[in-house]
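**Student:** Please see the structure below; I have some questions.
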Amino acid sequence: MRIGELAQRAGTSTRTLRYYESRGLLPARRAGNGYRTYDDDDLRLIQQIRTLQDFGFELEETRPFVECLRAGHPAGDSCPASLDVYRAKLAELDELIGRLGSIRAQVGEQLALAEAEQSPGPAPLCELTNHPLPEGEDR
């Protein structure tokens, strides 16, 4: 298939495919007429890259998965290098979850302090009636 068909079937753009080619993730095969040619294996490579990127993997992190597929393995994550990338990503996510949990706790503490220090004070007056506004309403 040609680049336009591959892009359509993969749900991406020809520009993206050319970028993957320039990064060495997609093979650069050319027909006698100079057109790029691709097959279903190339479609699997693109689908693997896009799935991993949807999960938050950087483009370079997809390389071991692509190389695993190119080596003839039925799945891009069945090689040791791919498993290493999974492990590294999980460690990165665990660290991020830990940091977010800590930040959430700090924000919760600040909110509790701010609410505890909030002085009730007089209720704001309605400008039309000069009477206090009902609880929870602002001007």
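Using this note's numbering, the first residue of the sequence shown is number 23, and each one after it goes up by one. Beta carbons: idealized from backbone N, C-alpha and C, even for Gly.
Kindly confirm or deny that the region 28-46 and the region 64-80 touch, where touching means at least three C-beta pairs closer than 8 Å.
**Tutor:** yes
**Student:** Report back the beta-carbon spacing between LEU133 and ARG85 to the nearest angstrom; my notes put them in contact at under 8 Å.
**Tutor:** That belief does not hold up - the Cβ atoms of LEU133 and ARG85 are roughly 44 Å apart, past 8 Å.
**Student:** Taking C-beta to C-beta, are ARG72 and ALA32 nearer than 8 Å?
**Tutor:** It is a contact, given that the beta carbons lie within the stated cut-off.
**Student:** Return the chain-ordered list of same chain residues with a C-beta closer than 6 Å to the C-beta of ALA103, the five sequence neighbours on each side being excluded.
**Tutor:** PRO86
**Student:** Quick check: is the beta carbon of LEU48 nearer than 8 Å to any beta carbon in chain B?
**Tutor:** No chain B appears in the structure shown, which is made up of a single protein chain.
**Student:** Could you pull out every unbroken alpha helix (DSSP H) segment of at least 4 residues lying fully inside the region 53-124, listed in chain order?
**Tutor:** Unbroken alpha helix (DSSP H) runs of no fewer than 4 residues, entirely contained in the region 53-124, are found at 62-76, 85-92, following chain order.
**Student:** Which residues bound the alpha helix (DSSP H) around ALA29?
**Tutor:** 25-32
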